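Peer 1: So that we are looking at the same thing, I have put the structure below in structure tokens.
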Amino acid sequence: MKISLISWSVTQLAVLTGIAKAQGYEVVQTQLRDTEHSLQNLLQEVAGNVLVVECNAALQKKDLGELERFISEKSHIVVLILSENRDADTLVAAMQSGIREVIFSPPDATDFAAALKRVAQRKEIFNDEVKAQAKTVAFVSCKGGSGATFLATNFAYILAEEMGKNTAFLDLDLQCGDAVYYVSPGPSKSDIIEITRQIERLDAKLLASSVLHVAPNFDLLPAPEEPDATYNMSASALKQLTDIVRNQYDMVVMDLERVFNPMTTQALDTADVIYIVMENLLPFVRDAKRIVAKCRALGYSDHKIRLVVNRYELNGNIDITQIEKAVGLKVSYTIRSSFPDVAKAINTGVPIIHVNPKNSVVDVLRTMAEEFATPTHSKQASWWDRITG
Ligand SMILES: Nc1ncnc2c1ncn2[C@@H]1O[C@H](COP(=O)(O)OP(=O)(O)OP(=O)(O)O)[C@@H](O)[C@H]1O
Ligand SMILES: [Mg+2]
Numbered sequence: 014m015k016i017s018l019i020s021w022s023v024t025q026l027a028v029l030t031g032i033a034k035a036q037g038y039e040v041v042q043t044q045l046r047d048t049e050h051s052l053q054n055l056l057q058e059v060a061g062n063v064l065v066v067e068c069n070a071a072l073q074k075k076d077l078g079e080l081e082r083f084i085s086e087k088s089h090i091v092v093l094i095l096s097e098n099r100d101a102d103t104l105v106a107a108m109q110s111g112i113r114e115v116i117f118s119p120p121d122a123t124d125f126a127a128a129l130k131r132v133a134q135r136k137e138i139f140n141d142e143v144k145a146q147a148k149t150v151a152f153v154s155c156k157g158g159s160g161a162t163f164l165a166t167n168f169a170y171i172l173a174e175e176m177g178k179n180t181a182f183l184d185l186d187l188q189c190g191d192a193v194y195y196v197s198p199g200p201s202k203s204d205i206i207e208i209t210r211q212i213e214r215l216d217a218k219l220l221a222s223s224v225l226h227v228a229p230n231f232d233l234l235p236a237p238e239e240p241d242a243t244y245n246m247s248a249s250a251l252k253q254l255t256d257i258v259r260n261q262y263d264m265v266v267m268d269l270e271r272v273f274n275p276m277t278t279q280a281l282d283t284a285d286v287i288y289i290v291m292e293n294l295l296p297f298v299r300d301a302k303r304i305v306a307k308c309r310a311l312g313y314s315d316h317k318i319r320l321v322v323n324r325y326e327l328n329g330n331i332d333i334t335q336i337e338k339a340v341g342l343k344v345s346y347t348i349r350s351s352f353p354d355v356a357k358a359i360n361t362g363v364p365i366i367h368v369n370p371k372n373s374v375v376d377v378l379r380t381m382a383e384e385f386a387t388p389t390h391s392k393q394a395s396w397w398d399r400i401t402g
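If you count the sequence shown from 1, you need to add 13 to reach our numbering.
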């Protein structure tokens with residue numbers, strides 16, 4: 014455990030360092046606060062994986078705002094604060110900012126040591142390999158109408174509703190995206206372009222107020238309602254957006270437009286898994302081959318790619334073996350055509366699990382979602398016990 018300390022006094026820094034070291038923890042950095050500089054300046058320098066910040070009553074609100082932004086950007090660092098106030102308002106505000114614990118200031122040695130011990134027991138934060146960020150997947154359509162948006166939205170919905178994953182859906186089909194209508198009555202008050210226009214001030218709070226809450230565990234950032242050739246999102250804006258979104262959710266599902274540009278490449282880079290959605294018709298096979306080749310050229314391993322054959326009907330069409338041979342990759346999932354239920358779901362904006370939970374499309378989507386069904390820690394769980402130590 015590598016601790017960074019920020020305090021108003023040299024004596025306090027020395028005392029806290031002494032307590033931490035006596036417990037066998039490493040203090041990698043101590044920083045002294047003063048009233049002329051904002052906390053933010055010191056936060057930029059923070060090292061280690063645990064940060065302890067001494068607040069004072071006069072500046073507490075401002076400190077919490079700055080810490081909230083810091084936490085949303087550096088979710089791997091656990092933050093504790095020392096505060097003269099431990100009333101309910103302070104505790105709630107600290108919890109909302111993502112602070113792990115509020116320790117009474119000045120702390121007595123036993124309390125501070127106990128708080129550090131509780132943090133140390135959360136072993137996962139000390140493994141630098143473990144990312145707290147959400148698993149992220151991208152859906153790419155081979156040709157228009159492959160069913161990528163229908164599958165992406167319904168896959169996300171199953172993750173949220175049946176698997177309890179706190180899921181965010183990003184509609185990155187900026188010109189023609191209409192994912193919002195596949196799982197809700199739509200439209201939404203805000204869209205993904207509006208958010209990336211304010212990317213510099215985007216934080217967890219602004220994100221929460223901008224997303225459309227489709228279902229209890231399912232939030233969606235829609236594409237703009239009207240197509241406009243000027244819509245553009247830079248790779249860096251998308252990276253900033255996904256960094257924040259991935260800190261707030263368990264799963265992120267992205268629906269991509271069918272062009273390779275800096276934004277889509279960034280999305281593919283970010284994705285842990287890429288679903289390439291196709292049909293068993295020659296034009297789709299040709300495009301699947303191109304997309305797989307592009308993914309390989311971008312350096313992605315085949316383990317990251319899942320070929321999904323949608324609306325699969327043989328009827329003399331190309332079969333799975335022929336597809337695999339032509340594309341040079343195993344088909345991961347085959348989904349049968351199921352027009353009546355799919356049409357009903359799309360026409361009413363109701364997820365297909367509610368139209369017909371026994372539909373064969375639902376079976377495959379569940380299998381796809383099960384890949385991500387590992388237990389997750391609820392980011393909201395028992396926060397009161399946690400924050401009060
Ligand atoms: N398994 C299926 N069975 C029957 N119809 C399906 C199936 N999957 C998708 N469809 C139909 O295919 C149509 C196109 O789906 P969707 O809009 O999801 O495609 P897309 O790949 O996202 O297209 P675009 O590239 O234009 O965004 C939808 O109208 C839907 O009804
Ligand atoms: Mg689509």
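Ideal Cβ positions, reconstructed from N, Cα and C, are used throughout, including at glycine. Remember, it's a predicted structure, so these values are computed and weren't measured experimentally.
#1: Where does A284 sit, in a helix, a strand or coil, going by DSSP?
#2: With contact counted as at least three CB pairs below 8 Å, one residue from each stretch, are the segment 210-224 and the segment 287-304 in contact?
#3: Are there any heavy atoms of ligand 1 lying less than 6 Å away from the beta-carbon of S159, as far as the coordinates show?
#4: Should T162 be listed as close to ligand 2, given that the test is whether its C-beta is under 6 Å from any heavy atom?
#5: With distances taken from CA atoms, which of L219, A228, P229, L215 is nearest K252?
#6: Using the C-alpha atoms, what's the distance from D191 back to E239?
#7: Short of 7 Å in beta carbon distance, which residues of its chain neighbour A161, apart from the five on each side in sequence? Order them along the chain.
#8: Which residue marks the beginning of the beta strand (DSSP E) containing R214, and which one marks its end?
#9: Taking the DSSP output, what are the residues bridged to Q42?
#10: Give the secondary structure of Y262 by DSSP, where H, G and I count as helix, E and B as strand, and everything else as coil.
#11: Put A236 into one of helix, strand or coil per three-state DSSP.
#12: Using 6 Å as the cut-off, classify the Cβ of R324 as near or not near the heavy atoms of ligand 1, replying yes or no.
#13: So E86 is in the alpha helix (DSSP H); what residue range does that whole segment cover?
#14: Where does L254 sit, in a helix, a strand or coil, going by DSSP?
#15: Can you tell me which of the three DSSP states Y325 falls into?
#16: Whole angstroms is fine: what's the gap from L220's alpha carbon to E81's?
#17: Is any heavy atom of ligand 1 found at a distance shorter than 6 Å from the C-beta of I348?
#18: At which residue ranges does the segment 143-202 contain complete alpha helix (DSSP H) runs of 4 or more residues, listed in the order of the chain?
#19: Could you please give the first and the last residue of the uninterrupted alpha helix (DSSP H) stretch that includes T30?
#20: Give a single yes or no on whether I359 has its beta carbon closer than 6 Å to a heavy atom of ligand 1.
#21: Just the C-alpha distance for S350 and I19, rounded to the nearest angstrom, thanks.
#22: Using 8 Å as the cut-off, can you tell me whether the segment 86-98 makes contact with the segment 61-69, which would need three or more C-beta pairs spanning the two stretches below that distance?
#23: Assess, as a yes-or-no matter, whether the segment 361-372 is touched by the segment 315-334 under the definition of 3 or more beta carbon pairs within less than 8 Å.
#24: Contact between the segment 106-118 and the segment 242-258 is defined here as three or more beta-carbon pairs at a separation below 8 Å; is this criterion met?
#25: Between which two residues does the beta strand (DSSP E) harbouring H226 extend?
Peer 2: With the structure as the only source:
#1: coil
#2: no
#3: yes
#4: yes
#5: L215
#6: 10 Å
#7: F152, V153, S154, D268, V290
#8: Where R214 is concerned, there is no enclosing beta strand (DSSP E), given that its DSSP letter is neither H nor E.
#9: S17
#10: coil
#11: coil
#12: yes
#13: 73-86
#14: helix
#15: strand
#16: 13 Å
#17: yes
#18: 161-174, 193-196
#19: 23-35
#20: yes
#21: 60 Å
#22: yes
#23: no
#24: no
#25: 225-228
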